[in-house]
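Beneath this line is the structure, given in structure tokens, with notes to follow.
Residue numbers (the UniProt record's numbering), protein chains in the order written: chain A, 1 to 204; chain B, 1 to 412.
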């Protein structure tokens, strides 16, 4: 079923460039509408490690890369002065990971016990909403993987654990998504990696 | 969550002050209809139809950006509405278009050279609209903690906790932020927004509106050309990024015959630059000497500059038009006038000048007000205290009924 979605077709039609470095395979997609996306795969497990989109600056100029899945890209030039107010280091921080069978969100620095959290699927706005009974934390999690395939967010697929001040939310990937991951990886394998790698494309 | 709401562009409007009544305060526009045809009496404008229509055409050209870097000359006798047309044009262009008004003699100053004064005037007439994007933190203050390093002085560090209906967030603050928090007297319970980039704090829920002032000039002396180049560079960069757009405005130079030959030559050159505003000049001279030379030229302006100009002539007002103008001025100055008094004043305006007649409106209304305060009905006390220049003797005794008080103006 995923083969007919706009998303999958746009992935197939996109101009793809491949880089291979150690155990990581990087794919750069250039879509028809000018958008750019980069994916990183583990060659051994075939699992997506990171997916990032190139954002256009709202007022023009060079945009930044927005990470959809995986570890955030460290900021090469952090602005130290100028920002006189910033979130404390001890504030919750969200990280999204992709595993073979699950989509996983990790929220660090959340000290409250597991019964504090309520995690609800909200299909109207296509979000998973995390709220806390002590009103200390609230977050809407997007699940672009699902709505790209036109799948609903199902409460029964959501699971959560809490340990070491970290709340881990997992969403079990439905069968169509697993199929698509598999097909897409096969498709990517057809792209020949570049032989001479420019220096600035090294993995971070 | 202490939401990082999208940029909230606040419309900052200056507080309307009670304005003093100026000579052209009754002008609210050019008085044209949609087809740019002048209405007989509209927006404070009376008569002068040809000149107003011409100004309307110029207005349209400015709006369409077609006329940037060119000049317009308003020429006509004193008191025929040259300044009024320029003011009307400024009003019609709206507050977004920069309009600088100066007198030709303003450029002669010991502090700066003539060309510097002109350059500043020209640059003031170019507006730059800058779009800004900012991240805003908003929420209710739970607590503010400020820690000072032991032993006084030293670095301060602070912590601010903000909450919304659903969550709480802690922020670390630097010294500047702490200072501004203390200055704004932010306390627990206040709902505030903080602009992350500029550190501007805004208390919500209280009647608190602070005008943002982007006035970058404030100059008293000359501006170094290096600074201008830097600014030009920055603006060019912004324009390329689509962050800023240029609005060519209008520079109005009254009494343009007061400019000298150097200024004209400078203007010739300056008008060719791509950032030149529309220059409108007004003069009441006919053929006269160009200042700084022994040559005579129409309007005291060299021919090469005249060639770059569109000349709009104004003609003297008719009797009826003068009457209308005086009527408008009376309303503007909050006086009531009987029709007899208006007739008299119109005659004064025809025989002397419109300016003098308008003067009489103000003085007469003051006299009337004082008379009412003293005693009503005593006609002898209200003799006119002012005498126009010697040509005015034809009106012997007139009656002005202003604000319901009857008194006489007698030729002294």
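Built from N, CA and C at the ideal position, the CB exists for glycine as well.
- Residue-level contact check: residue 310 of chain B does not touch chain A, since none of the beta carbons of chain A fall below 8 Å from its beta carbon.
- Sequence-distant Cβ neighbours of residue 184 of chain A in its own chain, meaning closer than 7 Å and more than five residues away, are 11.
- In the displayed model, residue 225 of chain B falls within a helix according to three-state DSSP.
- When the Cα atoms are used, residue 198 of chain B and residue 87 of chain A turn out to be separated by approximately 16 Å.
- Per DSSP, residue 26 of chain A is one residue of the beta strand (DSSP E) stretching across 24 to 30.
- With fewer than 16 neighbouring CB atoms inside 10 Å of its own CB, residue 295 of chain B falls in the exposed class.
- As the crow flies, the alpha-carbon of residue 80 of chain B is around 7 Å from that of residue 317 of chain B.
- The beta-carbon of residue 135 of chain A is placed less than 8 Å from the nearest beta-carbon of chain B.
- Residue-level contact by beta carbon holds for residue 85 of chain A and chain B, with a gap shorter than 8 Å.
- Nearest to residue 257 of chain B by alpha-carbon distance, out of B:312, B:178, B:290, is B:290.
- When rounded, the separation of the alpha-carbon atoms in residue 269 of chain B and residue 33 of chain B is 36 Å.
- A distance below 7 Å between beta-carbons, with the five flanking residues on each side excluded, links residue 333 of chain B to the following residues of its chain, in chain order: 21, 361, 362, 365.
- Counting along the chain, residue 85 of chain B sits inside the alpha helix (DSSP H) bounded by residues 82 to 93.
- Under the Cβ criterion (8 Å, minimum of three pairs), the region 294 to 309 of chain B counts as touching the region 268 to 283 of chain B.
- Excluding the 5 residues flanking it on each side, residue 90 of chain A has same chain C-beta neighbours closer than 7 Å at 109, in chain order.
- Segment contact: the region 77 to 93 of chain B against the region 105 to 123 of chain B, fewer than three CB-CB distances shorter than 8 Å; contact not assigned.
- The three-state secondary structure of residue 97 of chain A, taken from DSSP, is strand.
- About 6 Å separates the Cβ atoms of residue 188 of chain B and residue 143 of chain B, confirming a contact at the 8 Å cut-off.
- Inter-segment contact for the region 171 to 184 of chain B and the region 93 to 104 of chain A is absent: fewer than three beta-carbon pairs are separated by less than 8 Å.
- DSSP places residue 170 of chain B inside the beta strand (DSSP E), whose first and last residues are 168 to 173.
- In this structure, residue 127 of chain A sits away from residue 145 of chain A, with a CB-CB distance that is not shorter than 8 Å.
- Excluding sequence positions up to five before and after residue 312 of chain B, its CB lies within less than 6 Å of the CB of 51, 54, 74, all in the same chain and listed in chain order.
- In this structure, the beta-carbon distance from residue 24 of chain B to residue 103 of chain B does not fall below 8 Å.
- Residue 43 of chain B is not a Cβ neighbour of residue 314 of chain B, given a cutoff of 8 Å.
- Not one beta carbon of chain A lies nearer than 8 Å to the beta carbon of residue 327 of chain B.
- For residue 352 of chain B, no beta strand (DSSP E) encloses it, and the DSSP letter there is neither H nor E.
- Secondary structure of residue 40 of chain B (DSSP, three-state): coil.
- Under the three-state reduction of DSSP output, residue 316 of chain B falls in the coil class, being neither helix nor strand.
- In this structure, residue 45 of chain B keeps its C-beta atom at 8 Å or more from the C-beta atom of residue 56 of chain B.
- As summarised for the region 261 to 319 of chain B, the continuous alpha helix (DSSP H) elements at least 4 residues long and confined to that stretch are 261 to 270, 303 to 306, given in chain order.
- Per DSSP, reduced to three states, the secondary structure at residue 139 of chain B is strand.
- The straight-line gap separating the alpha-carbon atoms of residue 131 of chain B and residue 71 of chain B is approximately 30 Å.
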